[in-house]
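The sequence shown runs 16 to 310 under the numbering used here.
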Amino acid sequence: MWISRLINTWAMGLFALIASHSLYAGCQASLVSLDAISSQNTYDVFATGQSALVQNYRLRSDIQGEECSIEVELDLDKGASSLRSTSQQQIQFEWQGSNGYQKAGRWYITLSESKPVTTFQIKYPAKQWLDAGRFSGELKAKLNGTSLLQNQSEQELSLNIEAVVLPSAKIQFYGLSQQHYDLDIGELTANKVIHSAPKLWVQSTASYSISIESMYRGVMRHQSADTQWDIAYQMLLDNQPIELSKTSSQWHSDQATSGRPIPITFIVGDTNRKPGGTYNDTLHISIEPNLAQQP
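Here you go:
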């Protein structure tokens, strides 16, 4: 009896091994192509949605064999979750697709003879602050766990991918949503210093310039519109004087910033022998990033 049971056990083990191998006996598979479906690669740091950039890719395979299926591993820079720029900045991304799952930073997809083609996405979440530049990585697709396949003519494909952050800038009044602001500086007296103006709030992915244009070229004009009653004044941005007598004056910064408050100061000029009444000027303030830093 003991000998009989031993023989049966070995026979069952041998049968299980043969059956397992036979599932792959007629299965032949290769990866044919890995392509970007669209050419979109610009990441907008000011985007308000969930994703500021979505890139779509297509993977094609050639699979032969009844009920044959394979698993493909998609990997970007050895399990990384970000692309890098030459300055070692990182832009985070996420895998997504209807056919697949994520494990250890990689994306796994199952393909079959009946469904040899699939698509997937690489999504870049919004609200990542980055300086202007190019971010790149190497995307690889390879057959996973295929030691039992008869034919593995193409086991790996690769594709360089890229995300680009362009020079862009935004300016607003600090803590305010409106683009227009009326500043009442009260009674005009000579050499009066006004610190009550709202600060500017600046964001720029590159170095930038702030342009200021005065309607009356650096003077406040009397309500009568008579130029002989003009009162000159000074404007300072972050304690730096701005020459308002020009058509347009600029204030420069050679640094990108994710957010910088810039104080505004006004100094009233000579008010001697000026008539009573209301005086005003209008300033137009704009910002432009340094386009020479185009990646």
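Glycine residues also receive a C-beta, built at the ideal position from the N, C-alpha and C atoms. Remember, predicted model here, so these are calculated numbers, not experimental data.
Taking the alpha carbon of residue i as the reference point, which residue from the options has its own alpha carbon closest?
i    : options                   : result
Q187 : N71, I302, M230 and S76   : I302
S97  : V283, G80 and I106        : I106
K130 : V87, Q55 and R99          : V87
S66  : K157, Q309 and K142       : K142
V60  : E81, I200 and A184        : A184
I176 : T57, T297, D296 and H237  : T57
H195 : E82, I300 and I52         : I300
L252 : P213, Y231 and D285       : P213
L198 : I279, N159 and R288       : I279
D245 : S211, A205 and I257       : A205
S263 : E128, T297, N305 and G190 : T297
T393 : Q117, A307, H210 and Y294 : There is simply no residue 393 to check, as the chain begins at 16 and stops at 310 in what is shown.
N254 : T133, Q55, S222 and H210  : H210
D50  : Q117, Q193, S127 and T133 : T133
S54  : L68, C42 and A62          : L68
H237 : Q270, E258 and L203       : L203
L377 : S102, E82 and V234        : Absent from the structure is residue 377, since the part of the chain shown begins at 16 and ends at 310.
V234 : L306, A271, D285 and K118 : D285
C42  : S102, A62, Q170 and E128  : E128
A271 : L306, Y123 and I52        : L306
I78  : Q170, G190 and Q117       : Q170
W122 : R99, M250, I257 and A156  : A156
In terms of DSSP beta bridges, what is residue i paired with?
i    : result
L49  : L74
G148 : V180
F188 : L215
N295 : R236
R275 : V217
E228 : H299
S127 : S84
H12  : Residue 12 cannot be examined here, being either before or after the span of the chain that is shown, 16 to 310.
S97  : Q107
D241 : Answer is none; D241 lacks a bridge partner.
V69  : K138
E171 : K157
L89  : W122 and A156
Y58  : Paired residue(s): none; Y58 is not in a bridge.
T204 : Its beta-bridge partners do not exist; DSSP assigns none.
S264 : I227
T280 : L251
P256 : L251
Tell me whether residue i is buried or exposed, calling it buried when 16 or more other Cβ atoms sit within 10 Å of its Cβ.
i    : result
G291 : exposed
Q70  : buried
D90  : buried
F281 : buried
Q309 : exposed
V208 : exposed
G64  : exposed
G201 : exposed
V2   : It is not possible to answer for residue 2, since the shown part of the chain is limited to 16 through 310.
Y248 : buried
L163 : Any reading at L163 needs caution, since the residue's pLDDT is 46, under 50, leaving its predicted position unreliable; the model's value is listed next. With fewer than 16 Cβ atoms within 10 Å of its Cβ, L163 is classed as exposed.
P304 : buried
G80  : buried
I85  : buried
I52  : exposed
S102 : exposed
S192 : exposed
Quick test of your reading: residue i and residue j, contact by CB under 8 Å. State the CB separation rounded to the nearest angstrom.
i    : j    : result
Q265 : S229 : That pair is no contact at about 13 Å.
V47  : R73  : That pair is no contact at about 10 Å.
L174 : L154 : 5 Å
R288 : S260 : Actually they are not in contact, since the Cβ atoms of R288 and S260 sit about 22 Å apart, beyond 8 Å.
L172 : A44  : Their Cβ separation, rounded to whole angstroms, is 13 Å, which puts L172 and A44 out of contact at 8 Å.
S268 : S239 : Between S239 and S268 the Cβ distance is about 39 Å, and since that is not below 8 Å, they are no contact.
G94  : G120 : 3 Å
(message) Is it the case that the region 213–231 contacts the region 275–286, given that we only count it when at least three CB pairs across the two stretches are under 8 Å?
(response) With a cut-off of 8 Å, the region 213–231 and the region 275–286 count as touching, because enough Cβ pairs lie within range.
(request) Evaluate contact between the region 173–186 and the region 143–161, counting only Cβ atoms and requiring at least three cross-stretch pairs below 8 Å. (result) The region 173–186, when compared against the region 143–161, does touch it at the 8 Å Cβ threshold.
(request) Would you check if there are 3 or more beta carbon pairs closer than 8 Å linking the region 104–119 to the region 131–138? (result) The region 104–119 is in contact with the region 131–138.
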